[in-house]
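A quick write-up on the structure given underneath.
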Amino acid sequence: MELRLEELLSCKFLSESKFLTADKNSYDAVVKSVAIMDTLNGHHYLKGHEMVLTSGYF
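Its first residue numbered 13, the sequence shown is counted upward by one per residue in the numbering used here.
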């Protein structure tokens, strides 16, 4: 089963979240995993197709 970013962002628990992306077509992207991080260099650990949850210190 594929889960698209647009479907995740429509969930009630994410309704007040902010979505940041460099790609304007990301709403149609398939999310394969979720990463939770609050580290300045955390992007080095990402492989692609992750949804990153953070408090903003990224």
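A virtual CB, placed ideally from N, CA and C, is assigned to each residue, including glycine.
| Query | Result |
| --- | --- |
| For Ser38, the three-state DSSP class (helix, strand or coil) | helix |
| C-alpha distance - Val46 paired with Lys24, whole-angstrom precision | 17 Å |
| Short Cβ contact (7 Å threshold) for Val43 with Leu17 | yes |
| Straight-line Cα distance separating Gly60 from Leu52 | 18 Å |
| Boundaries of the beta strand (DSSP E) in which Glu62 is found, first to last residue | 62 to 65 |
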